[in-house]
Amino acid sequence: MVSAVFHSPLESVPPVASGAERSATHSIASNADRTSDKAVKVLEKTSATATLAARTQRDFSALWLRVLPPLLGLGLLAVIWEVVSIATKASIPSPKDTFLQAVVLFSDPFYRNGPNDQGVGWNVLSSLKRVAMGFGLAAIVGIPVGFLIGRFTFLSNMFNPLISLMRPVSPLAWLPIGLLVFKGADPAAIWTIFICSIWPMVINTAVGVQRVPQDYMNVARVLNLSEWKIVTKILFPSVLPYMLTGVRLAVGTAWLVIVAAEMLTGGVGIGFWVWDEWNNLNVKNIIIAIFVIGIVGLMLEYALIKLATAFTFEEVKS
Numbered sequence: 004m005v006s007a008v009f010h011s012p013l014e015s016v017p018p019v020a021s022g023a024e025r026s027a028t029h030s031i032a033s034n035a036d037r038t039s040d041k042a043v044k045v046l047e048k049t050s051a052t053a054t055l056a057a058r059t060q061r062d063f064s065a066l067w068l069r070v071l072p073p074l075l076g077l078g079l080l081a082v083i084w085e086v087v088s089i090a091t092k093a094s095i096p097s098p099k100d101t102f103l104q105a106v107v108l109f110s111d112p113f114y115r116n117g118p119n120d121q122g123v124g125w126n127v128l129s130s131l132k133r134v135a136m137g138f139g140l141a142a143i144v145g146i147p148v149g150f151l152i153g154r155f156t157f158l159s160n161m162f163n164p165l166i167s168l169m170r171p172v173s174p175l176a177w178l179p180i181g182l183l184v185f186k187g188a189d190p191a192a193i194w195t196i197f198i199c200s201i202w203p204m205v206i207n208t209a210v211g212v213q214r215v216p217q218d219y220m221n222v223a224r225v226l227n228l229s230e231w232k233i234v235t236k237i238l239f240p241s242v243l244p245y246m247l248t249g250v251r252l253a254v255g256t257a258w259l260v261i262v263a264a265e266m267l268t269g270g271v272g273i274g275f276w277v278w279d280e281w282n283n284l285n286v287k288n289i290i291i292a293i294f295v296i297g298i299v300g301l302m303l304e305y306a307l308i309k310l311a312t313a314f315t316f317e318e319v320k321s
């Protein structure tokens with residue numbers, strides 16, 4: 004005989020918690036949620052603080068690595084300079100004496116007591132004026148010639164031997180030719196700057212034109228573009244990075260040449276000022292002039308780098 008045991012439905016239902024128990028449970032859950040939120044916020048603040056501290060540390064490390072090497076280099080130069088000054092028994096002025104002389108010199112850089120007695124500022128401006136004129140003429144002539152040489156094979160074969168022959172000639176070798184033709188020191192100096200500045204612009208522009216992808220030229224041929232459209236729409240944007248590189252090289256060469264040219268031609272200019280101070284045996288001013296020439300050349304180079312960066316494609320900059 005099988006007996007079946009039936010349970011009442013009431014017995015299978017769990018007992019219902021009382022109101023006090025439900026309130027306590029809800030309070031515990033709320034406290035747990037608030038505690039969890041606070042922990043998350045604390046973790047977020049801690050993470051943000053750690054990230055900021057790490058970023059600040061990286062920034063200071065990068066700044067330190069950028070500032071420290073130049074300072075060490077300048078310090079090494081000052082130490083070597085001081086040792087040379089001691090070894091030559093002050094024939095070469097010490098850094099301290101040169102600095103004191105520079106303070107006096109730059110307290111009035113634009114005085115003028117006559118055509119051959121002017122401040123260092125006027126001499127620098129005179130040299131920059133000659134460089135601007137010679138360099139500008141070289142750019143006006145050299146860049147179009149570079150486009151033509153790079154664009155047409157016949158002209159490239161025609162002018163390449165002449166450029167290879169003339170480019171290695173020292174710029175100062177052209178100075179007597181300038182004096183003979185122009186009968187004046189200023190035009191001869193400008194001519195020397197022109198002839199030494201034109202080669203980098205011609206060569207770099209021609210190389211840039213020759214390296215334009217052939218696909219671009221094929222598209223221009225299919226579209227039957229005019230030569231003016233090819234130059235302005237295809238060649239010029241592609242050649243611009245090479246052209247600006249040539250400009251940078253040319254202006255650096257021009258600033259080097261003007262100092263030597265002014266030493267030989269005389270007149271007003273930073274090169275003549277160096278030679279005049281040598282004749283007066285004022286070595287302090289010669290050393291100051293060396294630093295002035297270097298700083299001005301560095302400023303010209305930096306300005307042209309910024310110009311090239313503004314107009315250069317990203318893949319070429321890298």
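Just so you know, we're using the working numbering here: the sequence shown kicks off at 4 and counts up by one.
Positions of the beta carbon are idealized from the N, C-alpha and C atoms, including for glycine.
Exercise. Quick one: what does DSSP say arginine 115 is sitting in, helix, strand or coil?
Worked result: strand
Exercise. Three or more beta-carbon pairs under 8 Å between the region 294-305 and the region 145-160, yes or no?
Worked result: no
For this session: Mind the definition here: the region 211-226 touches the region 101-112 only if three or more C-beta pairs lie below 8 Å; say whether that holds.
Result: no
Exercise. How is the alpha helix (DSSP H) around phenylalanine 294 delimited, first residue to last?
Worked result: Element bounds for phenylalanine 294: 286-313.
For this session: Mind the definition here: the region 132-149 touches the region 186-203 only if three or more C-beta pairs lie below 8 Å; say whether that holds.
Result: At 8 Å Cβ cutoff, the stretches touch.
For this session: Please list, in chain order, all residues of the same chain as leucine 247 whose beta carbon is under 6 Å from its beta carbon, the five residues on each side excluded.
Result: Ala311
Problem set entry | For alanine 191 and alanine 264, the rounded distance between their alpha carbons | 9 Å
For this session: Indicate whether the contact test is met: 3 or more Cβ pairs, each with one atom in the region 272-291 and one in the region 123-132, closer than 8 Å.
Result: Touching, per the Cβ criterion.
Problem set entry | Beta-carbon contacts of tyrosine 305 that lie in its chain and below 8 Å, excluding the five residues immediately before and after | none
Exercise. Which residue from Phe185, Thr208, Val127 and Val172 puts its Cα closest to that of tryptophan 276?
Worked result: Val127
Problem set entry | Contact belief for valine 286 with isoleucine 95 at Cβ below 8 Å, rounded distance in angstroms | 7 Å
Exercise. Quick one: complete beta strand (DSSP E) runs, 3+ long, within the region 135-205?
Worked result: As far as the region 135-205 is concerned, it has no whole beta strand (DSSP E) run of at least 3 residues.
Problem set entry | Environment of arginine 115 [buried if 16+ CB atoms lie within 10 Å] | Result: exposed.
Exercise. For glycine 269, which residues of its own chain have a beta-carbon under 7 Å away from its beta-carbon, when the five flanking residues on both sides are left out?
Worked result: Excluding positions up to five away in sequence, the list reads Ala188 and Phe275.
Problem set entry | Sequence-distant residues of the same chain with beta carbon closer than 8 Å to lysine 132, five excluded per side | Within the same chain, lysine 132 has no close Cβ partners at all.
For this session: Under 7 Å Cβ to Cβ from glutamate 318, same chain only, skipping five residues before and after it: list those, please.
Result: Residue placement at glutamate 318 is flagged as unreliable, the pLDDT there being 44, under the threshold of 50; the coordinate-derived value follows with that caveat. Excluding residues within five positions, none has a Cβ falling inside 7 Å.
Problem set entry | Cut-off 6 Å between Cβ atoms - residues of its own chain near serine 159, not counting five sequence neighbours on either side | Ile152
Problem set entry | Cβ neighbours of tyrosine 219 in the same chain (closer than 8 Å, five flanking residues each side left out) | Excluding residues within five positions, the ones whose Cβ falls inside 8 Å are Ile237 and Ser241.
Problem set entry | Length of the line joining the Cα atoms of leucine 178 and tryptophan 194 | 8 Å
Exercise. Looking at the unbroken alpha helix (DSSP H) that takes in threonine 235, where does it start and where does it end?
Worked result: Here threonine 235 belongs to no alpha helix (DSSP H), and DSSP marks it neither H nor E.
Exercise. Cβ of isoleucine 206 within 8 Å of Cβ of glycine 249?
Worked result: yes
Exercise. For phenylalanine 113, which option in Val271, Pro147 and Ser229 has the closest C-alpha, if you only look at C-alpha atoms?
Worked result: Val271
Problem set entry | Beta-carbon contacts of leucine 307 that lie in its chain and below 8 Å, excluding the five residues immediately before and after | Leu247, Val250, Arg251 and Val254
Problem set entry | Counted within 10 angstroms of its Cβ, other Cβ atoms place valine 86 as buried (16 or more) or exposed | exposed
Exercise. Which residues in the same chain as valine 82 place their Cβ atom closer than 7 Å to its Cβ, once the five residues preceding and following it in sequence are excluded?
Worked result: Once the five neighbours on either side are set aside, valine 82 has no close Cβ partner at all.
Problem set entry | Through-space distance from isoleucine 196 to serine 167, alpha-carbon basis | 18 Å
For this session: Leaving aside the five residues before and after proline 98 along the sequence, list all residues of the same chain whose C-beta is less than 7 Å from its C-beta, in chain order.
Result: Once the five neighbours on either side are set aside, the close Cβ partners of proline 98 are Ala81, Trp84 and Glu85.
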